[in-house]
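Chains as they are written, first to last, in this note's numbering: chain A, 227 to 488; chain B, 736 to 1139. Here is the structure we will look at.
Next up, the structure:
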């Protein structure tokens, strides 16, 4: 995994976040309490001189880890963030693809309709998945949240897509250029608070965090950020290997994303 | 690590995605999981293993064995880091090719040596667009050498024909390199191939390692592109990006096109108060007096070298759709209505110019732009960020331009 220059990456992200905040009045960020969206909020706080100037949305299906809820409440208070909890109902018979595809997306649709958000900041990275690598920095979704991936608008230099007239919204991806290891370098350098589930406990740690039903920890003894970085320098395993929803069948991420999944 | 962004260029099916895919495998960059998954997908579709599937992740891309949209992949080689930008080679997908290539400083042009393939329309068109967008150096990969018996004659013939074209569109001899390869078999990619002993140059990845990126523009005059403003406590700060030069605390700046003068009271970068901001950095500025209007789209410069607003300018344009007489251009982040008068058309596959009042889609030309209100522009050759723009008909992207 290539370690990039995090100062340069941060500049790029600041530009994209400020661009979105300058152009769209109604904007919010998704926050899963995972490392990426938390790092993004840390970048936004610096970009806006000490505060996160937009609400953050937690899509909560009620089965996130207890550690995540506590982390959410503590950090929201510490950083003075407005948190919108989008409750999604979990049905025991629905799991994996259908769960992410329907439950989470339905909850998000409700929040967008209620608050009228035009743009959503989503902390995805290219190196997570080959389908995420096909994303634009600012990408339109239609009224039904569909991603028209076969006909994405041009995004030349830093000329991003502008507001839509079809009542859809824009996804803003400020972390697209970052690698997993860069996120950790940034967290270390900037002392960003982090969800304790990423640290090893009894020989296991979470490398990628979803909810309790779909996320499996990896074998690891990494109990500090330095140890995590060291582990990633030599890993041969995919970051999302512990995420069930990615694996059910071929092209699953493409299908999830085209339906509005994050 | 400094990342060197390298875009792929070339006609469809000449092997761009296959080349990146195989570079990922040969350099042991991708995990076994991902290679296995690409192998399974190839089998499912009843074809030989396709390394391009490591990049072409959409179902439609794999079924039709074509790249629809641009993507990127990073590779380390010889202590240097590269980001390869894959692009589609189909002419109807050229907006996606431009979207990808616009982020690169270097290019690999893939041209197939196979008989009946060779130099095609997109081979030359992509080179033309790359030159126009400021790509500094090109490594030409003459691909599929295995299908022509690794023939030196074929390699020399294709190279010579391209050399002439490259020179005509402005790539100097020192900015182009030629490597004969088989992307699929891995010949001359990581190591020199024993099948082409007549080739005395470097393998592709070594040739790329010898390219060095340009340094940031700290020595050039200050150009600060305003993005908007933010609130901090009771103060309103202007935000923007230093395109070139050095912005110093306490200095006087002139904001164009209105030529309003301000003094820089405070500068913040990365959330901290600093003494100066350099090229490439985003800054928040406390200006005196406080600006009465939103400065988005305006450009700040030092008093000794002020950029001026212009109502008219000439530009080299490339059209993805017919360029209308009335259009919108986006420059420095702001949209401006403008009238466009075409003067010349340039055939992108020959580089030849002719007088014309229209530019056909997928061709280039020289045009005169008249904007409704003054905009800050400078020749692209002087200042890339202030010298480039995109063109829209309603909200639809129809082309791009670089100021002359």
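Cβ atoms here follow ideal geometry from the backbone N, Cα and C, with glycine treated the same way. This one's a predicted model, so the numbers in the text were calculated from it and none came from an experiment.
Chain-ordered chain B contacts of residue i [CB-CB under 7 Å]
i	result
residue 498 of chain A	The shown model of chain A, from 227 to 488, leaves out residue 498 of chain A, and the question about it has no answer.
residue 382 of chain A	833, 834, 837, 1125, 1135
residue 272 of chain A	1005, 1006
residue 241 of chain A	976, 1017
residue 344 of chain A	Chain B residues near residue 344 of chain A: none, gap ~15 Å exceeds 7 Å.
residue 248 of chain A	962, 963, 1031
residue 477 of chain A	794
Interface residues of chain A facing residue i [CB-CB closer than 7 Å]
i	result
residue 816 of chain B	228
residue 809 of chain B	228
residue 736 of chain B	228, 229, 230, 231
residue 795 of chain B	376
residue 830 of chain B	380
residue 958 of chain B	None at all; the shortest Cβ gap to chain A is about 15 Å.
residue 803 of chain B	376
residue 1065 of chain B	385
Backbone secondary structure at residue i - three-state DSSP
i	result
residue 1031 of chain B	coil
residue 1037 of chain B	strand
residue 1077 of chain B	strand
residue 1089 of chain B	strand
residue 329 of chain A	helix
residue 843 of chain B	strand
residue 294 of chain A	helix
residue 1062 of chain B	strand
residue 784 of chain B	coil
residue 407 of chain A	helix
residue 379 of chain A	coil
residue 168 of chain A	There is no way to answer for residue 168 of chain A, as the model of chain A reaches only from 227 to 488.
residue 1049 of chain B	strand
residue 1067 of chain B	coil
residue 739 of chain B	strand
residue 302 of chain A	helix
residue 393 of chain A	coil
residue 242 of chain A	helix
residue 347 of chain A	strand
residue 922 of chain B	strand
residue 341 of chain A	helix
residue 906 of chain B	coil
residue 895 of chain B	helix
residue 863 of chain B	helix
residue 878 of chain B	strand
residue 232 of chain A	helix
Bridge-paired residues (DSSP) for residue i
i	result
residue 808 of chain B	B/819
residue 430 of chain A	A/427, A/445
residue 963 of chain B	B/974
residue 313 of chain A	A/286
residue 440 of chain A	Per DSSP, none; premise fails for residue 440 of chain A.
residue 872 of chain B	B/841
residue 1072 of chain B	B/1063
residue 982 of chain B	B/1012
residue 825 of chain B	Looking at the DSSP assignment, residue 825 of chain B forms no beta bridge with any residue, so it has no partner.
residue 365 of chain A	A/397
Cβ separation of residue i and residue j, assumed to be a contact under 8 Å, to the nearest whole Å
i	j	result
residue 1121 of chain B	residue 1112 of chain B	6 Å
residue 1002 of chain B	residue 1037 of chain B	Going by Cβ atoms, the distance from residue 1002 of chain B to residue 1037 of chain B rounds to 14 Å, so no, they are not a contact pair.
residue 842 of chain B	residue 870 of chain B	5 Å
residue 388 of chain A	residue 266 of chain A	Going by Cβ atoms, the distance from residue 388 of chain A to residue 266 of chain A rounds to 22 Å, so no, they are not a contact pair.
residue 802 of chain B	residue 850 of chain B	About 24 Å; that fails the 8 Å criterion.
residue 421 of chain A	residue 294 of chain A	6 Å
residue 1035 of chain B	residue 957 of chain B	7 Å
residue 915 of chain B	residue 880 of chain B	5 Å
residue 858 of chain B	residue 1023 of chain B	Not a contact, Cβ separation roughly 55 Å.
residue 1021 of chain B	residue 970 of chain B	6 Å
residue 464 of chain A	residue 769 of chain B	7 Å
Cross-chain neighbours of residue i in chain A, by beta carbon under 9 Å
i	result
residue 717 of chain B	Since the displayed chain B opens at 736 and closes at 1139, residue 717 of chain B lies outside it and no answer follows.
residue 768 of chain B	462, 463, 464, 467
residue 739 of chain B	Per Cβ cutoff of 9 Å: no residues; residue 739 of chain B is ~11 Å from chain A at best.
residue 946 of chain B	Per Cβ cutoff of 9 Å: no residues; residue 946 of chain B is ~17 Å from chain A at best.
Chain-ordered chain A contacts of residue i [CB-CB under 8 Å]
i	result
residue 806 of chain B	352, 356, 359, 360
residue 1075 of chain B	Those within 8 Å of residue 1075 of chain B in chain A number zero; the least Cβ separation is about 17 Å.
residue 776 of chain B	476
Contact set between residue i and chain D, taken where Cβ atoms lie within less than 8 Å
i	result
residue 275 of chain A	In the structure shown, chain D cannot be found, because the protein chains are A and B.
Near the ligand ADP: residue i beta-carbon under 8 Å from a heavy atom
i	result
residue 1016 of chain B	With respect to the ligand ADP, the structure offers nothing, as it holds no ligand at all.
Under 8 Å by beta carbon: chain B residues contacting residue i
i	result
residue 446 of chain A	Chain B residues near residue 446 of chain A: none, gap ~16 Å exceeds 8 Å.
Fill in: beta strand (DSSP E) runs contained entirely in the stretch 985-1021 of chain B, provided each spans 3 or more residues
The stretch 985-1021 of chain B contains these whole beta strand (DSSP E) runs: 987-991, 995-1004, 1007-1009, 1011-1013.
Worksheet item: What are the complete alpha helix (DSSP H) segments, minimum 4 residues, inside the stretch 744-805 of chain B?
Response: Listed in chain order, the complete alpha helix (DSSP H) runs (minimum 4 residues) inside the stretch 744-805 of chain B are 751-761, 767-779, 794-798.
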